[in-house]
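To start, the structure under review is shown below, and the notes come after it.
In my numbering, the protein residues as written are 225 to 458.
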């Protein structure tokens with residue numbers, strides 16, 4: 225049974241989450257503040273964490289930092305904060321996904337299921353296969369339709385970062401920092417250009433990407449199984 229730690233100080237949301245999660249076979253622990261969350265996580269070792277950022281005793285990003293010191297399970301942020309920089313900060317300190325309140329329960333549960341499926345680190349597999357192409361991380365090789373795809377060093381570096389974080393949101397700043405360096409963190413136009421090039425080379429339909437997904441204002445996500453982004457995300 226998958227154990228979910230819900231970190232939320234609004235009783236109505238906790239009740240709704242507890243009812244819906246238990247109805248689907250999840251085991252649920254709930255914490256109304258950050259200190260209780262860290263204590264419960266240490267005692268019960270959750271498989272996934274649903275975390276509100278606006279907690280009464282500490283900011284949710286501090287909880288993420290505390291968990292990430294020893295826990296590698298998926299952390300999905302639930303927050304009413306809409307500002308892009310706050311979303312990016314949560315992702316940069318270790319969150320795997322970000323759901324803005326108010327949220328639809330079906331969407332949240334779908335994201336939770338996907339996060340649990342992705343919990344096994346991609347790095348354990350040398351070759352990552354999608355329905356359109358495969359990526360050999362060790363050989364630094366991409367194959368599509370039985371033929372090698374020629375990527376520039378920068379295209380490969382971007383793809384490698386995304387593949388090694390499969391299923392997780394990689395913020396624009398993180399991607400720019402890892403590929404170009406700290407002084408390029410605001411050059412988001414670089415990413416638009418290179419992601420467009422990668423989609424033309426790898427996606428079956430570049431205008432409707434299924435594997436190289438844009439999260440508007442936040443960053444990018446590599447999906448192994450394929451997920452068609454809504455038009456506003458492309």
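Where is the CB? At the ideal position from N, CA and C, for every residue including glycine.
Residue i: CB within 7 Å of a non-hydrogen atom of the ligand SAH
i           : result
residue 338 : The ligand SAH is absent from the structure shown, which contains no ligands of any kind.
Status (buried if at least 16 other CB within 10 Å, exposed otherwise) for residue i
i           : result
residue 296 : exposed
residue 230 : buried
residue 411 : exposed
residue 382 : buried
residue 447 : buried
residue 269 : exposed
residue 293 : exposed
residue 405 : exposed
residue 449 : exposed
residue 236 : exposed
residue 311 : buried
residue 348 : Bear in mind that the predicted position of residue 348 carries a pLDDT of just 48, short of 50, making it unreliable; the figure below should be weighed with that in mind. So residue 348 counts as exposed.
residue 186 : The structure shown does not extend to residue 186, since the chain spans only 225 to 458, so no value can be given for it.
residue 455 : Note on residue 455: pLDDT 46, under 50, position unreliable in the model; no value is reported.
residue 390 : buried
residue 265 : buried
residue 239 : exposed
residue 341 : exposed
residue 423 : buried
residue 407 : exposed
Beta-carbon spacing of residue i, residue j below 8 Å
i           : j           : result
residue 289 : residue 328 : no
residue 258 : residue 287 : yes
residue 226 : residue 281 : no
residue 285 : residue 314 : yes
residue 210 : residue 350 : The requested residue 210 is not part of the displayed model; the chain covers only 225 to 458.
residue 427 : residue 434 : yes
residue 419 : residue 436 : yes
residue 378 : residue 403 : yes
residue 461 : residue 398 : Residue 461 is absent from the model: the chain starts at 225 and stops at 458.
residue 245 : residue 273 : no
residue 277 : residue 305 : yes
residue 279 : residue 233 : yes
Residue i - containing beta strand (DSSP E), residue span
i           : result
residue 251 : 251 to 255
residue 275 : 272 to 276
residue 185 : Lying outside 225 to 458, the shown extent of the chain, residue 185 is not represented and no answer is given.
residue 302 : 299 to 303
residue 360 : 358 to 360
residue 321 : 321 to 324
residue 373 : Careful: residue 373 lies outside any beta strand (DSSP E) and carries neither H nor E.
Limits of the alpha helix (DSSP H) - the one that residue i falls within
i           : result
residue 308 : 308 to 316
residue 291 : 284 to 292
residue 425 : 412 to 426
residue 246 : 235 to 247
residue 258 : 258 to 268
residue 226 : Unbroken run through residue 226: none, as it is neither H nor E.
residue 378 : 377 to 388
residue 403 : 396 to 403
Rounded distance between the beta-carbons of residue j and residue i, thought under 8 Å
i           : j           : result
residue 323 : residue 333 : Contact flag wrong, Cβ pair sits at about 11 Å.
residue 301 : residue 275 : 5 Å
residue 361 : residue 444 : 18 Å between Cβ atoms; not a contact.
residue 442 : residue 308 : 7 Å
residue 373 : residue 425 : 5 Å
residue 368 : residue 356 : 7 Å
residue 343 : residue 298 : 6 Å
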